[in-house]
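Below is one structure, written out as structure tokens; the observations come after it.
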Amino acid sequence: MTQVTDHGGGVRSIEVPIPDNPLGHTLVYVVDTDRGPVLVDTGWDDPASWDTLAAGLSACGTSVAEIHGVVITHHHPDHHGLSGAVREASGAWIAMHAADTAIVRRTRGTGPERWYSYMTDKLTAAGAPEEHLAPLRAPRRPRALPGFSPALPDREIIPGELLDLPGRRVRAIWTPGHTPGHVCLHLEEQHPSQLPGHGRLFSGDHLLPEISPHIGLYEDPDDDTVTDPLGDYLDSLERVGRLGAAEILPAHQYAFTDPAARVRQLLAHHESRLTDLLTLLASPLTPWQLAERMEWNRPWPQIPFTSRNIAVSEAEAHLRRLVKLGRAEAVAGGEPVRYVAV
Numbered sequence: 001m002t003q004v005t006d007h008g009g010g011v012r013s014i015e016v017p018i019p020d021n022p023l024g025h026t027l028v029y030v031v032d033t034d035r036g037p038v039l040v041d042t043g044w045d046d047p048a049s050w051d052t053l054a055a056g057l058s059a060c061g062t063s064v065a066e067i068h069g070v071v072i073t074h075h076h077p078d079h080h081g082l083s084g085a086v087r088e089a090s091g092a093w094i095a096m097h098a099a100d101t102a103i104v105r106r107t108r109g110t111g112p113e114r115w116y117s118y119m120t121d122k123l124t125a126a127g128a129p130e131e132h133l134a135p136l137r138a139p140r141r142p143r144a145l146p147g148f149s150p151a152l153p154d155r156e157i158i159p160g161e162l163l164d165l166p167g168r169r170v171r172a173i174w175t176p177g178h179t180p181g182h183v184c185l186h187l188e189e190q191h192p193s194q195l196p197g198h199g200r201l202f203s204g205d206h207l208l209p210e211i212s213p214h215i216g217l218y219e220d221p222d223d224d225t226v227t228d229p230l231g232d233y234l235d236s237l238e239r240v241g242r243l244g245a246a247e248i249l250p251a252h253q254y255a256f257t258d259p260a261a262r263v264r265q266l267l268a269h270h271e272s273r274l275t276d277l278l279t280l281l282a283s284p285l286t287p288w289q290l291a292e293r294m295e296w297n298r299p300w301p302q303i304p305f306t307s308r309n310i311a312v313s314e315a316e317a318h319l320r321r322l323v324k325l326g327r328a329e330a331v332a333g334g335e336p337v338r339y340v341a342v
């Protein structure tokens, strides 16, 4: 059965399933406005997900055809996947931060072959073994990948400004880290249950009650900008912690209170992880070797192929942060590049 939760004050959530993913579902929020319902995220582009979204909207007393607008917290396919289908069925506008819109625009022009080539080169540079690289070089690779035909947004989310949601006060908060254009949405209205604090926050993947979001390098074959995603994320966390929201409405798991405490936990988690990595880097390691030795939710031999790619990206993001802080450096000479604590 479709799970719909009424959060009060004209806000409900629908659990839209993510196929074959341990996260289980994306919480798509339905926000009432004077011009009709607006969605915060839309869920994965899959027939079962679409049916669940449609059924959930019906349970909310509305339909896909009545959607006025779609606000996307970030471009990932479990959040933006169904946006195009919603717009086609309703005529709704789609809004996204410019940094993620730029990724969507480039993705639409990037074929799978370009992506496979990019990933092969990137993982080779990270020190991946040949047995891991072989599937990326295989001639019988899939012709399409999920999220490679995302809908191009038609509105820009401007950080610090109120969104055009008649009858509501929703302010965009730029929170890069998980993606360069990730935004949280601050509902600057009194909490319907009179909880102490300043309104509610749609937090996307930025702030979740029990898990830390993936913070890897901003993967983009057509952008070679040297970025610091982990630094972006930590700065964004502190900014969100200062908002003093009464309640967090995240895109996964469940709503929760006391975001300042959760922010402190996540800041401590990443500082502890950086310290642990410095211990591992007592001897020079490639990003792949570092990822093999890092602590994950299961032993490295049990981590699937795609998840290993994500893990290496996360290791690289942590390495980049350590280098920027002057706590690690690349060892001169040799390929793949190795890093060591200083």
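Numbering-wise (UniProt numbering), the sequence shown opens with residue 1 and increments by one.
Quick reminder that beta carbons are idealized off the backbone N, C-alpha and C, glycines included.
This structure is a prediction, so every number in the text was calculated from the model and none was measured.
Check                                                                                                                                                           : Outcome
Would you mind stating whether I173 and A317 have Cβ atoms separated by less than 9 Å?                                                                          : no
In this structure, what does DSSP give as the bridge partners for T5?                                                                                           : S13
Find out if the Cβ-Cβ distance for the pair V331, P284 is shorter than 9 Å.                                                                                     : yes
How many Å lie between G181 and P112 at the Cα?                                                                                                                 : 23 Å
Between G10 and D34, how many whole angstroms is the CB-CB distance? I'm expecting something under 8 Å.                                                         : The Cβ separation is near 10 Å, so there is no contact.
What ranges does the alpha helix (DSSP H) occupy inside the region 238-319, keeping only unbroken runs of at least 4 residues that lie completely in it?        : 259-280 and 287-293
Give the single residue among R168, H25 and V40 whose Cα lies nearest to the Cα of I94.                                                                         : V40
Taking P17 as the reference, which of A251, A315, P129 and Q289 has the closest Cα?                                                                             : A251
For L136 and V323, I'd like the C-alpha separation in whole angstroms.                                                                                          : 29 Å
Since L133 is in the alpha helix (DSSP H), which residue starts that stretch and which ends it?                                                                 : E130 to R137
What are the start and end residues of each continuous alpha helix (DSSP H) run of 4 or more residues lying completely inside the region 13-70, in chain order? : 47-59
Alpha carbon to alpha carbon, how far is R321 from T26?                                                                                                         : 29 Å
For I103, report the span of its alpha helix (DSSP H) as first-last.                                                                                            : A98 to R108
Under 9 Å, do L82 and S58 count as touching if we go by C-beta distance?                                                                                        : no
In its own chain, which residues sit with a C-beta less than 6 Å from the C-beta of D222, not counting the 5 before and 5 after it?                             : R106
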